[in-house]
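Below: the structure, in structure tokens.
In the working numbering, the protein residues as written are 1152 to 1378.
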């Protein structure tokens, strides 16, 4: 991770979820779930059922499909194997992400990623999309004792930035992101360009709702001025 993200004076830190917030992986995740459920369970499930818990760690999501440990582990293994095959060719940053991150960096906002994606794969996705150097760190579920919607990962992210939660923003596209950010005491920003509908995100009472990541630098500037 690059030193270019170190704060040059801003008292506002910005934490991001990854999938559905910075990178567009909806089709990758859906294809991996379809393959997994079909291969392991021999079933076809509606897409909304497959995607309803995206934003939590994969090992948590798979308990929605079985209560048997052996089958659960097979589901996890099948998903990861398929996801690894298709991930690198399909992963892409959302339009406007690189520019928004550049503006935040120019403002001196330190930034980090708090994700339910495995840390190694998350770093790979950031590198493939050319935005890895903007972040001081990446926290995945393999590096946190608890997982979203628990606030612990977001609190850990704030600590990594060296800032109190009320001096940090957490940007995410899932209800689990917003629950974690609200629980941690950060300013929460709902990313409606991601995987969940705006009304689902609004039900979690985020502090701000944005329709595009291009709106984030201006919001961050206003928040920083209030510090």
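Ideal Cβ placement from N, Cα and C applies to all residues, glycine included.
Keep in mind that this is a model prediction, so the values were computed, not measured.
{"Query": "Nearest-angstrom Cβ-Cβ length linking residue 1324 and residue 1346, presumed shorter than 8 Å", "Result": "6 Å"}
{"Query": "Entirely enclosed alpha helix (DSSP H) segments - the segment 1264 to 1305, minimum 4 residues", "Result": "1270 to 1279"}
{"Query": "DSSP-derived helix/strand/coil call for residue 1207", "Result": "strand"}
{"Query": "7 Å Cβ shell around residue 1279 - same chain, five flanking residues per side excluded", "Result": "1239, 1242"}
{"Query": "8 Å contact criterion, which residue 1251 and residue 1368 should meet: CB distance rounded", "Result": "6 Å"}
{"Query": "Nearest-angstrom Cα separation, counted from residue 1264 out to residue 1303", "Result": "14 Å"}
{"Query": "Cβ-Cβ separation, residue 1322 to residue 1216 (assumed contact under 8 Å), whole Å", "Result": "With 8 Å as the limit, residue 1216 and residue 1322 do not qualify as a contact, their Cβ atoms being about 29 Å apart."}
{"Query": "Exposure of residue 1236, with buried meaning 16 or more beta-carbon neighbours within 10 Å", "Result": "exposed"}
{"Query": "Span separating the alpha-carbon of residue 1313 from that of residue 1190", "Result": "45 Å"}
{"Query": "Boundaries (first-last residue) of the beta strand (DSSP E) holding residue 1252", "Result": "First-last for residue 1252: 1248 to 1257, but that is the alpha helix (DSSP H), not the beta strand (DSSP E)."}
{"Query": "Residue range of the alpha helix (DSSP H) that includes residue 1187", "Result": "1177 to 1187"}
{"Query": "Limits of the unbroken beta strand (DSSP E) element including residue 1167", "Result": "1164 to 1167"}
{"Query": "Every unbroken beta strand (DSSP E) inside the segment 1313 to 1376 [3 residues or more]", "Result": "1319 to 1323, 1338 to 1342, 1359 to 1361"}
{"Query": "Residue 1225 versus residue 1180 - alpha carbon distance", "Result": "17 Å"}
{"Query": "First through last residue of the alpha helix (DSSP H) which encompasses residue 1403", "Result": "The requested residue 1403 is not part of the displayed model; the chain covers only 1152 to 1378."}
{"Query": "Residues of its chain near residue 1305, where Cβ-Cβ distance is below 7 Å and the 5 sequence neighbours each way are ignored", "Result": "1166, 1265, 1321, 1331, 1332, 1335, 1337"}
{"Query": "Any non-hydrogen atom of the ligand MN closer than 8 Å to residue 1332 Cβ", "Result": "This structure does not include the ligand MN; it has no bound ligands of any sort."}
{"Query": "C-beta contact flag for residue 1195 and residue 1188 at 9 Å", "Result": "yes"}
{"Query": "Residue 1362 to residue 1162 span [Cα, whole Å]", "Result": "25 Å"}
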